[in-house]
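Below is one structure, written out as structure tokens, with a few remarks after it.
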Amino acid sequence: MTNPTSSTTEQEAIIDGIIASSLQAQQKTGPDLRQIHSKSHGLLWGEFIIEPNLPENLKVGLFKTPQTYPAWIRFSSGGSPEKRGKFHSDSQPDVRGIAIKVMNVEGQKVLDDEEKTQDFILNNYPTFFTKDVRDYADLSQAGSGQLSPERLEELGYAFAILQKVVSHKVGNPLLIQYWSMAPFKFGERIVKLSVKSQQPEQPPETLPESENYLRETLVKYLTEEGREASFDFLIQFYVDDEKTPIEDHVQEWQEVDSPFIKVATVRVPSQKFDFEERKRLDEGLLFSPWHTLLEHEPVGSVNLSRKRLYSELAKYRREQIAQRLQEPQPYVAVED
Ligand code: HEM
1275 MTNPTSSTTE
1285 QEAIIDGIIA
1295 SSLQAQQKTG
1305 PDLRQIHSKS
1315 HGLLWGEFII
1325 EPNLPENLKV
1335 GLFKTPQTYP
1345 AWIRFSSGGS
1355 PEKRGKFHSD
1365 SQPDVRGIAI
1375 KVMNVEGQKV
1385 LDDEEKTQDF
1395 ILNNYPTFFT
1405 KDVRDYADLS
1415 QAGSGQLSPE
1425 RLEELGYAFA
1435 ILQKVVSHKV
1445 GNPLLIQYWS
1455 MAPFKFGERI
1465 VKLSVKSQQP
1475 EQPPETLPES
1485 ENYLRETLVK
1495 YLTEEGREAS
1505 FDFLIQFYVD
1515 DEKTPIEDHV
1525 QEWQEVDSPF
1535 IKVATVRVPS
1545 QKFDFEERKR
1555 LDEGLLFSPW
1565 HTLLEHEPVG
1575 SVNLSRKRLY
1585 SELAKYRREQ
1595 IAQRLQEPQP
1605 YVAVED
């Protein structure tokens, strides 16, 4: 396995920079909202059902014994708020995310801020859009005018992937496939994850007019029509650096080199979810790939950057939510 592309101190400096610019952006677009993936289409309750009869070598960590765990599942769009107080329309091209928080999980955890949860976070595209965290940091500064033309040219590949990532038309977030993009431990081995709908739909030709059609589609499907949805929870194993690189996050792990294996089912029963109390819970929850058992620890530079980042931004978000109630602040002009 190759070594990370930049030294640890350089990486720490890059991560500090991402945290600082993300916090700055969060203060502008909505301190009590997530800086990105801020628009939620629904926080749903569900079940995480470990596959029965797994072979011995797959009985690892969360997948050790066949059982059904309760779970919270959040569907989101990847972008930041358009401006303070306004989300982008769902018809705006964007990446779509799923975040799963499995609960009542026993075992030693990597972080101690949540005792019995195991989170999985995925997006609707097989690869990340930068090969490592250094390119991610520079890409997010592309519009600042600070990057040299040579550096912008080097990042051309990332712009091209980003175009592809956001161009996928999604009609119903329950009927598509998601990927972890970054690798994780599976005991002694390394995997990437995927969550694939058991009722996949073809990408729609045209999208509904409504700015919030993704949430409205979930309400229609789960609440009004009383239907349920299920996903296969899949893993694919690291083979070697050439076929399944750890540190090059834009090279897809091809199924022909490393087939997906089903280890669980994610079930989303029909339910009512579009109400204020649920939205308030949604606002406060933190989904982080570092909310994990030791056996499923995140791997690689991109995942490393998410360790402090997600926690610090959520800490700031929660402080803002608490503060606005504890010590009400004067009205802040929201551009209408
Ligand atoms: C350097 C890389 C990355 C950065 C800087 C980053 C940044 C963030 C931030 C700031 C949040 C909001 C956290 C919060 O306030 O709760 C977030 C959430 C999220 N990120 Fe990332 N992320 C990165 C990589 C990834 C990758 C590789 C994925 C792949 C699946 C991903 C998927 C998501 C999803 C789905 C959410 C929403 C979680 C929720 O619903 O609460 N991110 N990310």
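For the sequence shown, this note's numbering assigns the number 1275 to the initial residue and increments by one for each residue that follows. Note that beta-carbon positions come from the ideal geometry of N, C-alpha and C, so glycine has one too.
Through-space distance from residue j to residue i, alpha-carbon basis
i     : j     : result
G1335 : E1526 : 25 Å
H1442 : L1568 : 34 Å
G1291 : R1408 : 10 Å
P1305 : L1421 : 28 Å
L1518 : I1464 : Position check: residue 1518 holds Thr in this sequence, whereas Leu was assumed. Distance between the alpha carbons of T1518 and I1464 is about 10 Å.
D1364 : A1416 : 24 Å
V1530 : D1548 : 41 Å
F1433 : Q1366 : 17 Å
S1281 : E1388 : 30 Å
E1498 : S1314 : 19 Å
S1354 : V1513 : 36 Å
F1458 : V1537 : 15 Å
S1532 : V1540 : 22 Å
S1312 : A1456 : 21 Å
L1329 : Y1431 : Strictly speaking, residue 1329 in this sequence is Pro, with Leu absent from that position. Their Cα atoms are separated by approximately 40 Å.
F1505 : V1469 : 6 Å
K1589 : S1418 : 27 Å
E1475 : L1481 : 14 Å
P1602 : E1485 : 31 Å
F1460 : Q1600 : 43 Å
I1288 : D1515 : 24 Å
I1435 : N1397 : 14 Å
Residues near residue i in its chain [Cβ-Cβ closer than 6 Å; skip 5 each side]
i     : result
A1373 : R1348, I1395, F1561
V1376 : F1322, Y1343, A1345, Q1392
V1439 : V1369, Y1399, F1403
T1491 : N1446
I1324 : F1337, P1340, Q1341, A1538
K1535 : Residue identity differs from the one stated: residue 1535 is Ile in this sequence, not Lys. I1509, listed in sequence order.
Residue-chain proximity (residue i, chain D), Cβ-Cβ < 7 Å
i     : result
K1438 : Here chain D cannot be found, since the structure has a single protein chain.
For residue i: DSSP bridge partner residues
i     : result
T1283 : BP columns for T1283 are empty, so no partner.
N1397 : G1371, W1453
G1316 : F1349
T1342 : I1323
S1468 : W1453, L1508
7 Å CB neighbourhood of residue i in its chain, flanking five on each side removed
i     : result
G1500 : S1544
Q1597 : none
R1592 : G1558
P1278 : Any reading at P1278 must be qualified, since the residue scores a pLDDT of 48, below 50, and its modelled position is unreliable; no value is offered.
I1595 : D1306, E1557, G1558
K1581 : W1564
D1406 : T1279, E1521, H1523, S1575, V1576
D1386 : none
Any non-hydrogen atom of ligand 1 closer than 6 Å to residue i Cβ
i     : result
A1345 : no
S1575 : no
G1445 : no
I1450 : no
N1398 : no
Q1510 : no
F1403 : no
V1524 : no
S1350 : yes
Nonlocal neighbours in the same chain, by C-beta distance under 8 Å from residue i, ignoring five residues either side
i     : result
L1587 : I1293, S1296, L1297, Q1300, R1308, Q1309
R1425 : D1412
Exercise. Report the residue ranges of all beta strand (DSSP E) runs contained in full by the region 1429-1462; include only those spanning at least 3 residues, in chain order.
Key: 1451-1453, 1458-1460
Quiz item: What are the complete beta strand (DSSP E) segments, minimum 3 residues, inside the region 1504-1591?
Solution: 1535-1542
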